Amino acid sequence: MKCRIEEKIHKVLLADLNNQDWIRCRSSFEELSNNSKEIHQMMRTQNKIAKDTFSLTEKIEEKVASLSKTNQILQGRVASLENSLEDSSKTNQILQGRVASLENSLEDSSKTNQILQERVASLENSSEDLSKTNRILVYSDWVVILIDQIIVPQFMGGQNDWDKIVNIFTKSICQNTDYYLLENEEEDKLFERLDEILKKVKMTLGEFEYLIRLNKKRNLQFHKNDQSLDEAKRQLEMTFPKDLECYKEPLRKALCAIEVKWKNNRNGNGNRRFKRNQ
Numbered sequence: 003m004k005c006r007i008e009e010k011i012h013k014v015l016l017a018d019l020n021n022q023d024w025i026r027c028r029s030s031f032e033e034l035s036n037n038s039k040e041i042h043q044m045m046r047t048q049n050k051i052a053k054d055t056f057s058l059t060e061k062i063e064e065k066v067a068s069l070s071k072t073n074q075i076l077q078g079r080v081a082s083l084e085n086s087l088e089d090s091s092k093t094n095q096i097l098q099g100r101v102a103s104l105e106n107s108l109e110d111s112s113k114t115n116q117i118l119q120e121r122v123a124s125l126e127n128s129s130e131d132l133s134k135t136n137r138i139l140v141y142s143d144w145v146v147i148l149i150d151q152i153i154v155p156q157f158m159g160g161q162n163d164w165d166k167i168v169n170i171f172t173k174s175i176c177q178n179t180d181y182y183l184l185e186n187e188e189e190d191k192l193f194e195r196l197d198e199i200l201k202k203v204k205m206t207l208g209e210f211e212y213l214i215r216l217n218k219k220r221n222l223q224f225h226k227n228d229q230s231l232d233e234a235k236r237q238l239e240m241t242f243p244k245d246l247e248c249y250k251e252p253l254r255k256a257l258c259a260i261e262v263k264w265k266n267n268r269n270g271n272g273n274r275r276f277k278r279n280q
């Protein structure tokens with residue numbers, strides 16, 4: 003009965019893990035632990051019964067020996083007792099097999115618990131990495147500002163030229179080429195112009211590609227809005243996961259370029275500067 007209960011708990015626990023229902027997982031762990039304790043108690047009780055049976059058997063053997071010396075009439079009784087002892091031996095063998103089965107079941111349960119604990123730890127690590135990934139997506143808004151206010155205005159064709167550049171980056175990233183896929187002279191000139199613009203903010207094409215990748219990620223996950231420039235710069239000093247460290251330096255340069263752009267705009271506003279939230 004207890005083994006069937008334990009199997010049922012295992013099934014519920016696996017279902018809870020698949021559904022990521024951690025509260026029910028914890029409850030199932032506690033139920034599994036209590037059931038295992040009850041099985042242990044049953045084993046101890048069975049062991050005691052077996053020991054008592056062996057002790058009784060020894061006493062019966064002594065009594066049989068004494069009776070056989072007293073009278074041959076008691077031989078029938080002795081034969082009956084021998085049969086009883088044989089049945090008791092079979093019962094003990096059955097009990098021993100049951101104990102061995104329970105021990106194996108407990109060992110399997112212990113291994114299952116270890117696997118589940120490792121799974122939970124893995125899920126916690128994945129959740130932490132996802133949280134850090136979401137934190138870096140905050141900066142995708144600043145990438146948009148860099149592109150819209152600094153990069154695009156410096157192209158003669160404006161947004162049309164920028165759309166062509168984005169298409170070049172997309173093709174090159176998707177095809178994992180060693181060089182950017184420039185198919186004609188017009189695209190060559192666009193990338194030459196982009197390289198000149200990036201040099202003004204001390205950024206390479208490779209670094210800018212990371213910002214393009216980050217800007218694409220923003221369409222796949224939620225990100226935080228209304229972040230101040232100072233807050234963005236402070237949060238950039240946080241520790242990033244190893245697979246996101248490549249974004250850190252391009253983002254720093256992007257924020258610096260935006261800061262310079264905004265300072266120049268404020269200096270050129272003259273008396274038309276207004277305070278916010280007055």
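So the sequence shown is numbered by the numbering used here: it starts at 3 and just counts up by one. Virtual Cβ for every residue (Gly too), placed ideally from N, Cα, C. Since the structure is predicted, the reported quantities are computational estimates derived from the model, not experimental observations.
{"Item": "Collapsed DSSP secondary structure at Thr206 in the structure displayed", "Value": "coil"}
{"Item": "Asp143 beta carbon near the ligand ATP (any heavy atom closer than 6 Å)", "Value": "Ligands are entirely absent from the displayed structure, and the ligand ATP is therefore not among its contents."}
{"Item": "For Tyr181, three-class secondary structure by DSSP", "Value": "coil"}
{"Item": "Three CB pairs or more closer than 8 Å across the region 190 to 198 and the region 238 to 245", "Value": "no"}
{"Item": "The alpha helix (DSSP H) enclosing Glu233, as first and last residue numbers", "Value": "231 to 237"}
{"Item": "Residue range of the alpha helix (DSSP H) that includes Asp143", "Value": "142 to 148"}
{"Item": "Alpha carbon of Phe171 to alpha carbon of Trp264, nearest angstrom", "Value": "27 Å"}
{"Item": "Buried or exposed by the 16-neighbour rule on C-beta atoms within 10 Å, applied to Trp144", "Value": "buried"}
{"Item": "Candidates Leu87, Ser174, Cys27, Glu188, of which the one nearest Glu60 by Cα", "Value": "Leu87"}
{"Item": "Phe157 (DSSP reduced to helix, strand or coil)", "Value": "coil"}
{"Item": "Candidates Glu185, Thr179, Asp180: closest to Lys166 by CA position", "Value": "Glu185"}
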